[in-house]
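Report on one structure; see the data block that follows.
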Amino acid sequence: MSTFHDIIGLHTPTIEKLDEATWRGGVGMLSPLQSLILKAVIAASTSGLGGVPLYFVGELPPHVMGFCIIFAAGLMTGCSVVLFMEGLEHCNIMYAMIYTLLGAMLIHVIGYFITDTQDFHFVGLKGANASKALLIILSMSLHSLGEGISVGVSAQSEHESIGLLVVISLAIHNIPEGIATSLLLMSRGMNVWTASLFSVICNLPQPLMAIPSFLFMETFEHLLPFGFCLASGAMTYIVCSELIPESSEKLSRSLLISTFSTSLGIIVAIAVCAKHV
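Rendered as structure tokens:
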């Protein structure tokens, strides 16, 4: 019978078994699951890099913040489109629409209970800023959760750990997501370092969900369309109800549309490139 150590690959090889090739291999000594965890954590951590350039910018004037918000909205919408299309690969459009609506309703219900609470506090923020920051974090975390299931199922179904190029594509994909999350949290009054930290926290479900979905692929494979479309609906709701109305007060319509379309295209292009890795 397999022990827990056998499942996750925590073996202690004897000296005789460690040949020269194994020593040179380094990461090759890891089991597929250990390699998956390491690479998924690295990929998720890159989202924190999104806040680094923001540290050097300092305080942003209202029109620049409006530009940043709509840019982030485009990134989030691009992620939503990609997630919805991923969901369609695993279920029909009727179920995809239902799951997407559930995601939007989930964020709406949570927002209903906390938005009007004036004494609501969250990491130094209070009132509306605190509640909206929490909704942003929840929607981005749902997105990461769906990605984590996909990562684990894909790694197991291919009977190999995620390759370096796939991890690089995930990392590149996570950096603009980190920028979007950091910008949106900063627009609510959060400082750049706290915003960067939460952009990483939002991506923690990715490696955490990759582990059980790798070990129990058949069970979690059925959750892929639900996870993808739920996250798509949650992010779309945030964009439509919060980000676009706020940025429209600070920008002209032409600049808003062009910026939104450009950032949306960036995410879709990254996703298409990652598909061909």
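Going by this note's numbering, the final residue of the sequence shown carries number 1224, and the count climbs one at a time with no gaps.
Heads up, the beta-carbon is just placed ideally off N, CA and C, and yes, glycines get one too.
Note that the C-beta distance between Phe-1031 and Ser-1179 is below 9 Å. Separation of the CB atoms of Phe-1173 and Gly-1099 is rounded to 15 Å, and the pair is thereby denied contact status at 8 Å.
Shown here, His-1169 sits in coil according to DSSP, grouped into three states, outside any helix or strand.
Apart from sequence neighbours up to five positions away, the residues of its chain that approach Ser-994 with a beta-carbon distance below 8 Å are Asn-1121, Ile-1122, Glu-1124, Gly-1125, Thr-1128, Ser-1146, Val-1147, Cys-1149 and Asn-1150, ordered along the chain. In this structure, Leu-1082 sits away from Ile-1213, with a CB-CB distance that is not shorter than 9 Å.
The way I'd put it, the stretch 1045 to 1060 does touch the stretch 1078 to 1097; three or more beta-carbon pairs between them come closer than 8 Å.
In terms of CA proximity to Val-1215, Thr-1024 leads the group Thr-1024, Gln-1153 and Gln-981.
Comparing alpha-carbon positions, the option among Met-1156, Leu-985 and Asn-1138 lying closest to Phe-1003 turns out to be Asn-1138. Bridge partners of Lys-1073 according to DSSP: His-1068. Annotation: Ala-987 to Leu-1092 spans about 12 Å, alpha carbon to alpha carbon.
The residues Gly-1013, in chain order, have a CB closer than 6 Å to that of Leu-1198 in the same chain once the five nearest residues on each side in sequence are set aside. Inter-residue distance for Ala-1020 and Leu-980 is about 34 Å (C-alpha atoms, whole angstroms).
Counting only the Cα atoms, Ser-1201 lies some 36 Å from Gln-1153. Ile-1045 is a Cβ neighbour of Cys-1176, given a cutoff of 9 Å. For Ala-991, the CB contacts under 6 Å within the same chain, skipping 5 residues up- and downstream, are Asn-1150, Gln-1153 and Pro-1154 in chain order.
CA-CA distance, Ile-1054 to Ser-1027, rounds to 14 Å. Residue environment analysis places Thr-1209 among the exposed positions, since fewer than 16 neighbouring C-beta atoms fall within 10 angstroms of its C-beta.
Residue His-1090 holds the alpha-carbon nearest to the alpha-carbon of Thr-1047 among Ser-982, Ser-1160, His-1090 and Leu-1203.
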